[in-house]
Structures are given as structure tokens and as C-alpha cells.
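Its first residue numbered 0, the sequence shown is counted upward by one per residue in numbering that gives the first Met the number 0.
Yeah, the Cβ is synthetic: ideal placement off N, Cα and C, and Gly gets one too.
Some notes on the structure that comes next.
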Amino acid sequence: MQSFPKNLAEQATGPITNPLEMAMTPELAEGVIRSIPGYRPYFEKAFGSKNPTFSEIAEALAAFESTLTTPNSPFERYVKGNKTALTQQQIDGLRLFRRSGCIMCHNGNLLGGTSFQKVGSVRPYITNNPSKGKMDITGKPWDEMMFKVPILLNIEKTAPYFHDGAIRTLPEAVGTMADIQLDANLSAKQVDDIVAFLHSLNGEVPKIEKPALPPSGPETRKYIEEVY
């Protein structure tokens, strides 16, 4: 049975070995990286070895991913004491976000990501997507439609929404969640106020300079062809 990743490094290996994504074995991934001479000095400097292991590859990926933070959002500045960081509409939206119950699941520093909740706790969420949420991992019927609560930071920039990608806009997402999770029929103004608050969660995106990747070695193609 599958298990959930325990840390960022373990999560980083998921796309590599997932049969629906890169579909590689750890051995193949090691072979690809080891076959590219330009990577050797970097791994030797970081880990003391010219022959990267799968766990070292995961640690390197996790180290990069840990830099992908987006600080200094208007909401963050507001929480830190700058009471002019939010507009009045955003403040109204924050109050409604808390009062209506959204904060029960979307809480913590990231406004989410800390629990699994049933999608459709009040009434079913209608979708053609075959995923059953956590049940796909555990096989337990009580985990059906249990999904990890999404983080709301930068949510304006991460459409489409929900596990099936069927919801295209934030207003639709807010209205749908209020309906199926909270049994709340929000007015158009209430939806607009909450959406305005969600816009305040956009932080500063890190500037990443695209590196020049080292050229493949003579053995690289052999490993790639084993997968593709």
C-alpha cells in the first residue's frame, strides 16, 4: 500500500517514480544523474560523493524547493502590525472568512495544508474525476473524498482549483466551497469580499535565474531510453 511522504525530500521523489509522471526507478534516476559529468562536482561538494544516490538527489531537490517562499504579502504585513496593508474590502473579507467558518480548515501560517477534510461535508461535490482522495492511498472507505486542505498563499495565481481542476475562477471556488462545506449561500458581495481578501495572500515571488544545464554524457541516452 502507498504511504504519504514524511518530509520534503521524500515528497520530491514522488514525481520521479510515479508511473503517471516520470515513471523511473530510483536506479534509473541515479544512472541518469551519474551519467552527466557536469553534475559530479556539485554532488561531490554537497555530499562528498561523485556518484549521487537517489536519496542525495532527493535532498538536492528538497534544498532547492525550500527556497521557493513568497514572503511579504499584504496579509503578512497586516498580521505583523501594518494596519494599512489591507483595503477595507479585504478586511471585510477576512472577517467573513473567519466568521463563516473557512478558518476552521484554512488555518496556520500557510492558511491550510495541516489536515485532511472531506470534500462535500454538507452535500456531495459532483465531479467526473475518478479520484477518491485519501481512500486511494489507504483503501479505507471512511477516507473517501478526504483531501489535504490546500494552502491559500498565492491562491489567486494557482487556478484551476479543486482536486479535479474543474473550477476555473476564485469566485466560483469560494461559492462552491461555502455551499458544499459550510451550507452557506453567500451573496455576490460576500464572495467578492472573500476573493479580495484572498488576493492579499499574494507574496513576493522569488527571482530564479535559469541555470545552464550540463550536457548529457555518452551513457545518458541509454538510461532515458529504458523509460521512454
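- From the listed residues Ser54, Tyr38, Phe46, Arg76, the smallest Cα separation to glutamate 26 is found for Ser54.
- Its Cα nearest to that of proline 140, the residue Lys131 stands out among Lys131, Arg39, Lys147, Phe146.
- The segment 150–160 makes contact with the segment 104–114: 3 or more CB pairs, one atom from each, lie closer than 8 Å.
- In the structure shown, the three-state DSSP call for methionine 145 is strand.
- For lysine 117, the uninterrupted beta strand (DSSP E) segment begins and ends at 115–117.
- If you look at phenylalanine 53, you'll find it in the alpha helix (DSSP H) that goes 53–64.
- Residue environment: glutamate 29 is assigned as buried (16 or more neighbouring CB atoms within 10 Å of its CB, all protein chains considered).
- Burial state of glycine 138 is exposed, judged by a 10 Å Cβ sphere holding fewer than 16 other Cβ atoms.
- Among the bridge pairs identified by DSSP, glycine 132 is matched with Met145.
- Within the same chain, no Cβ atom closer than 6 Å to the Cβ of isoleucine 223 is found once the five residues on either side in sequence are excluded.
- One Cα belongs to leucine 212, the other to alanine 22, and the distance between them is close to 22 Å.
- In the DSSP secondary-structure assignment, tyrosine 124 is not bridged to any residue.
- DSSP, reduced to helix, strand and coil, places isoleucine 207 outside both helices and strands of the structure shown, so it counts as coil.
- The Cβ neighbour count for leucine 185, taken over all protein chains shown within 10 Å, is at least 16; the residue is labelled buried.
- As computed with DSSP, tyrosine 160 is found in a beta bridge with Ile166.
- For aspartate 192, the three-state secondary structure derived from DSSP is helix.
- For the segment 6–54, the full-length alpha helix (DSSP H) segments reaching 4 residues or more read 7–16, 25–33, 39–46 along the chain.
- For alanine 177, the three-state secondary structure derived from DSSP is helix.
- One Cα belongs to lysine 221, the other to valine 204, and the distance between them is close to 37 Å.
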